[in-house]
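Novice: The opening position of the sequence shown corresponds to residue 27 in our numbering, with each subsequent residue numbered one higher.
Glycine included, every Cβ here is placed at the ideal spot set by N, Cα and C.
A quick note: this is a predicted structure, and the numbers were derived from the prediction, not measured.
Below is one structure. I have some questions about it.
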Amino acid sequence: GLGQRWEEWNARPLPNRGDFSAAPSLFFGFAALTIAAGMGIVALLLYLIGPRLGSLWRPMPQVQWIALGVLAGLAWLYWAVLVLSYYSGRNLLPERLMGRGLYLKLMNFTSLLARVVGKRDWVEHGAIDIYNTLADRRGRRVGKGELLVLIPRCLSKQALDGVLEIAGRYEVPVFVATRGQLARRVIRERRPRAVVAVACERDMMTGLRDVAGKLPVLGLTMQLPNGPCRDASIDLAQMEKWVQGLVSKS
């Protein structure tokens with residue numbers, strides 16, 4: 027059956043044969059809209075409750091507006107440094123602020139806004155590409171047994187054979203995770219030091235939210251020429267590049 031995140035699919039062919047590739051600038055644009063919308067909502071709430079709080083403590087409304095101004099300034103500064111980091115080729119913030127933590131939260135809030143205008147998959151694809159670029163740039167190395175490759179059951183035979191061939195060549199374990207819950211259990215039991223995961227944009231967003239804050243993950247998105255959850259194809263050259271880059275020279 028279809029994954030929960032595709033329940034609304036109407037069985038028609040997906041746009042561009044299920045290839046949701048998008049420029050990173052699409053995500054950055056939607057992230058800016060998300061920050062603006064979030065600040066606007068908070069400003070409206072302060073406008074509505076400010077007078078009541080002012081009756082309890084006269085300086086309170088002014089303090090709240092100053093706090094909102096500082097918060098907005100920090101949010102826009104973070105967005106600007108994120109954009110600069112991506113396009114300059116240098117990670118300008120520590121990992122907990124760039125590839126994990128704050129960025130994962132920004133990804134999720136931006137995805138919510140993108141759903142409203144029907145751009146979810148493209149915006150999520152851009153977000154994941156940015157995440158991968160920032161994570162890959164750190165040049166992390168692990169042993170062969172410390173890397174875990176996670177794949178879904180919906181890969182085409184050609185894609186599956188390609189993944190198994192790459193995994194065999196670099197001697198890294200592969201697991202087929204039928205559900206996110208199973209993937210999390212495999213990670214908990216195997217305790218890898220890094221993961222290369224394959225999924226559609228929707229499942230990848232959930233997986234990154236659950237796992238990327240705890241250990242390094244690179245996420246390879248799929249193309250869905252026959253609709254979600256079957257005969258998916260992937261960029262095998264990109265997968266091999268990541269696996270080769272992560273596995274320590276022995």
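Residue 270: buried (16+ other C-beta within 10 angstroms of its C-beta) or exposed?
Specialist: The residue is exposed, with fewer than 16 neighbouring Cβ atoms inside 10 Å.
Novice: Under the assumption that residue 140 contacts residue 260 (Cβ atoms under 8 Å), give the Cβ distance between them as a whole number of angstroms.
Specialist: Going by Cβ atoms, the distance from residue 140 to residue 260 rounds to 23 Å, so no, they are not a contact pair.
Novice: Grab the span of the alpha helix (DSSP H) containing residue 243 for me, first residue to last.
Specialist: That residue, residue 243, is in no alpha helix (DSSP H); its beta strand (DSSP E) goes 243 to 247.
Novice: Under the three-state reduction of DSSP, which class applies to residue 262: helix, strand or coil?
Specialist: If DSSP states are grouped into helix, strand and coil, residue 262 belongs with the helices.
Novice: Give the DSSP bridge partners of residue 220, in chain order.
Specialist: Beta-bridge pairing links residue 220 to 173.
Novice: Could you tell me how far apart the beta carbons of residue 159 and residue 104 are, in whole angstroms, since I believe they sit closer than 8 Å?
Specialist: Contact doesn't hold; Cβ gap of about 17 Å is too wide.
Novice: Using 8 Å for Cβ pairs, my map puts residue 178 next to residue 161. What's the rounded Cβ distance?
Specialist: Contact doesn't hold; Cβ gap of about 20 Å is too wide.
Novice: Short check: CB of residue 191 to CB of residue 170, under 8 Å?
Specialist: In this structure, residue 170 does not lie closer than 8 Å to residue 191 by Cβ.
Novice: How is residue 149 classed by DSSP in three states: helix, strand or coil?
Specialist: The answer is helix: DSSP assigns residue 149 an H, G or I state.
Novice: If contact is defined by three or more beta carbon pairs under 8 Å, each pair taking one atom from either stretch, is the stretch 42 to 52 in contact with the stretch 141 to 154?
Specialist: Enough Cβ pairs lie closer than 8 Å, so yes.
Novice: Please name the residue or residues paired with residue 168 in a DSSP beta bridge.
Specialist: Its beta-bridge partners are 273.
Novice: What ranges does the alpha helix (DSSP H) occupy inside the stretch 39 to 93, keeping only unbroken runs of at least 4 residues that lie completely in it?
Specialist: Here the runs fully enclosed are 50 to 82.
Novice: Going by the beta-carbon positions, is the gap between residue 156 and residue 245 smaller than 8 Å?
Specialist: No; because the gap between Cβ atoms is not below 8 Å, this pair is not in contact.
Novice: Is it buried or exposed, residue 66, if we count other Cβ atoms within 10 angstroms and call 16 or more buried?
Specialist: Exposed is the call here.
Novice: Find the nearest neighbour of residue 9 within the set 61, 225, 250 and 233, judged by alpha-carbon distance.
Specialist: Residue 9 is absent from the model: the chain starts at 27 and stops at 276.
Novice: Helix, strand or coil, according to DSSP, for residue 189 in the structure here?
Specialist: DSSP places residue 189 in helix when its eight states are reduced to three.
Novice: How would you call residue 256, buried or exposed, if buried means at least 16 neighbouring beta carbons within 10 angstroms?
Specialist: It is exposed - the Cβ of residue 256 has fewer than 16 other Cβ atoms within 10 Å.
Novice: So what does DSSP say about residue 119, is it helix, strand or coil?
Specialist: Here residue 119 sits in coil by DSSP.
Novice: Are there 16 or more other CB atoms within 10 angstroms of the CB of residue 213, so buried, or fewer, so exposed?
Specialist: Buried, by the Cβ-count rule.
Novice: State the Cα-Cα distance for the pair residue 72 and residue 252, rounded to the nearest angstrom.
Specialist: Rounded to the nearest angstrom, the two C-alpha atoms are 49 Å apart.
Novice: Measuring straight from C-alpha to C-alpha, what distance separates residue 181 and residue 250?
Specialist: Taking the straight line joining both Cα atoms gives about 9 Å.
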